[in-house]
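Visitor: In the numbering used here, the protein residues as written are 21 to 564. Just so it is clear, CB atoms sit at the ideal spot from N, CA and C, and this is done for glycine as well. Mind having a look at this structure? Questions to follow.
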């Protein structure tokens, strides 16, 4: 009897959530490829199905994916780059697109095989787990620094301070931007589902990441929902989200507001940010291992010399004659001097940036931007990157339709294959750097991200889906992105509710990073769109 009861309970528990989908999301969205690949293998073992359903008419999945593989293959065959280093790059790029296809197929299967309420509960559990992990990130920082608000903590050479949000990575362990985007998606979804508690959780986690870009984009989308399509209850929830944003900016991280103001002036008015918020360039001398040892030894000898005391000398303790107290007799504990060195940003090149500095010093003659000590531009790196792409296509008209090829101009793959430690390690003997990538986007990235943290912003990163597709897949790739990816979902606008603001959200997010290669937010976004379409497809028969 007890066994039967336990069996029935387990059956009900299995029907409550899609456990396969939850496990897939938790594993596949992890930043490590070593976890993503087993996640793909596991989900196909549990849900074995390779009927993708691609077709020219009423395709089950976006035709954008196979078309990218076709363009990349033609570029490879025509380009004549048959040496081993590039073959590895090309195969790696193809594998990324195949992983996208395998992932979108599985999330589509999950929506097709489950009731929409089961998928909805699964999504709730995912965001609860992510919120707990994000809270753990924050509590770990508080425990480390022994300060309740790390967003105002300037110690440890401003390791946290306005950069605290970078450490709130959530369950994916990816960048904080990934966490911010996922929670922005969740806020829009739960707002439509009238789940205020979950909206506020997603909003809180997104604010913790301090993603100014996502704060602005979500605020614009929520304003549009507030004005054009929302109930009274939804308006109240949106108002609460705006209040949370204001309180966080004023009370929790006011310095971040000043940073946003400086960046805004930099981007739109061309005003150079204050020098102390930026940095010393990385062209500073990088110490060799021997020089480091010599420096440590010298420091030790100096300290030992200063500490040496004659044996016949008697040290008398010095006692304070007066203790500072308040009028009420309370002891005054002196506060830390925030103008001292530990409370200022580092003026030396951080260890993680030394490979960039060394690379610049080695290839100075061929780097027109980072190799030029006198280079100074008020134009944001994101804009400069787009100008480089347009300039490249203008001077290489033969590549305007199908691009420069995978890994040859603007992609996470190109940065990874450089061997400079971007997006993980890469085998040294297979390092591949295409010349046009070297003198354009790599040079641009080195110029900004080999300097102080003040330069390390989204406005200076050349990373962008639009840039990647245009430069490496040409105008055909860009048309495929607009018509066969966004168009695939937008053509079903009559079946979309929260899916429409999510489309606008992703259209903006694609300016931020190489998201298809990131293999993180894209499958989750596609899950939400397929779920929205499925909800309204099942609703129509009931209404009629």
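Looking only at its chain, what residues have a beta carbon closer than 7 Å to the beta carbon of residue 524, apart from the 5 residues adjacent to it on each side?
Guide: Answer for residue 524: 241, listed in chain order.
Visitor: Would you give the residue range spanned by the alpha helix (DSSP H) that residue 459 belongs to?
Guide: Note, residue 459: premise wrong, no alpha helix (DSSP H); not H, not E.
Visitor: Can you list, in chain order, the residues of its chain with a C-beta nearer than 7 Å to that of residue 482? Leave out the 5 residues immediately preceding and following it.
Guide: Result list for residue 482: 401, 402, 405, 430, 461, 464 and 465, in chain order.
Visitor: Straight-line CA distance for residue 84 to residue 121?
Guide: Cα-Cα distance, rounded: 10 Å.
Visitor: Would you list, in sequence order, the uninterrupted alpha helix (DSSP H) runs of no fewer than 4 residues that lie entirely inside the stretch 118 to 186?
Guide: Complete alpha helix (DSSP H) runs here, min 4: 136 to 165 and 175 to 178.
Visitor: To the nearest whole angstrom, what separates the beta carbons of residue 134 and residue 69, a pair I think is in contact under 8 Å?
Guide: With a Cβ gap of about 14 Å, residue 134 and residue 69 do not count as contacting.
Visitor: Taking Cβ positions, are residue 174 and residue 211 nearer each other than 7 Å?
Guide: No, these two residues do not count as a Cβ contact at 7 Å.
Visitor: Using only alpha-carbon positions, find the residue among 557, 553 and 542 that is nearest to residue 49.
Guide: Comparing Cα positions, the closest option is 542.
Visitor: Check this for me: beta carbons of residue 260 and residue 226, under 7 Å apart or not?
Guide: No, these two residues do not count as a Cβ contact at 7 Å.
Visitor: Is the separation between the beta-carbon of residue 486 and that of residue 544 shorter than 7 Å?
Guide: Their beta carbons are not under 7 Å apart, which means residue 486 does not touch residue 544 by this criterion.
Visitor: Using only the alpha-carbon positions, how far apart do residue 138 and residue 248 sit?
Guide: Roughly 30 Å separates the two Cα atoms.
Visitor: If you run the structure through DSSP and keep just helix, strand and coil, what is residue 446?
Guide: Residue 446: coil per DSSP, three-state reduction.
Visitor: Where do the N-terminal and C-terminal ends of the alpha helix (DSSP H) with residue 418 fall, by residue?
Guide: Careful: residue 418 lies outside any alpha helix (DSSP H) and carries neither H nor E.
Visitor: Mind checking whether residue 188 and residue 154 have CB atoms under 7 Å apart?
Guide: Yes, the Cβ-Cβ distance between residue 188 and residue 154 is below 7 Å.
Visitor: Can you say whether residue 184 is buried or exposed, counting buried as having 16 or more other CB atoms within 10 angstroms of its CB?
Guide: With 16 or more other Cβ atoms within 10 Å, it is buried.
Visitor: Measure the C-alpha to C-alpha separation of residue 450 and residue 158 and round it to an integer number of angstroms.
Guide: If I take the Cα positions, the gap works out to 39 Å.
Visitor: Take residue 272 as the anchor and find which of 75, 65, 437 and 168 has the nearest alpha-carbon.
Guide: The shortest Cα separation from residue 272 among 75, 65, 437 and 168 belongs to 168.
Visitor: Measure how close the beta-carbons of residue 192 and residue 445 come, nearest whole angstrom, since I'm counting them as under 8 Å.
Guide: Incorrect: roughly 20 Å between the Cβ atoms, too far for contact.
Visitor: Among residues of its own chain, excluding the 5 on either side of residue 546, which ones have a beta-carbon nearer than 7 Å to its beta-carbon?
Guide: Only 124 and 127 meet the Cβ criterion.
Visitor: State the Cα-Cα distance for the pair residue 520 and residue 442, rounded to the nearest angstrom.
Guide: Rounded to whole angstroms, residue 520 to residue 442 spans 34 Å at the Cα level.
Visitor: Pick helix, strand or coil for residue 300, following the three-state DSSP scheme.
Guide: Reliability of the predicted coordinates at residue 300 is poor, the pLDDT of 40 falling under 50, and the value obtained from them is presented with this limitation in mind. Coil.
Visitor: For the alpha helix (DSSP H) containing residue 230, list its first residue and its last residue.
Guide: Premise fails: residue 230 is in no alpha helix (DSSP H) and is neither H nor E.
Visitor: Check residue 565 in the structure and name its three-state DSSP category.
Guide: Since the first residue of the chain shown is 21 and the last is 564, residue 565 is not available in this structure.
Visitor: Just the Cα atoms here: how many angstroms apart are residue 388 and residue 140?
Guide: Approximately 52 Å, taken between the alpha carbons.
Visitor: Is it buried or exposed for residue 550, if we count other Cβ within 10 angstroms and need 16 for buried?
Guide: That one is buried.
Visitor: Measuring alpha carbon to alpha carbon, tell me which residue in 36, 56 and 35 is nearest residue 45.
Guide: Residue 56 is the option with its Cα nearest to residue 45.
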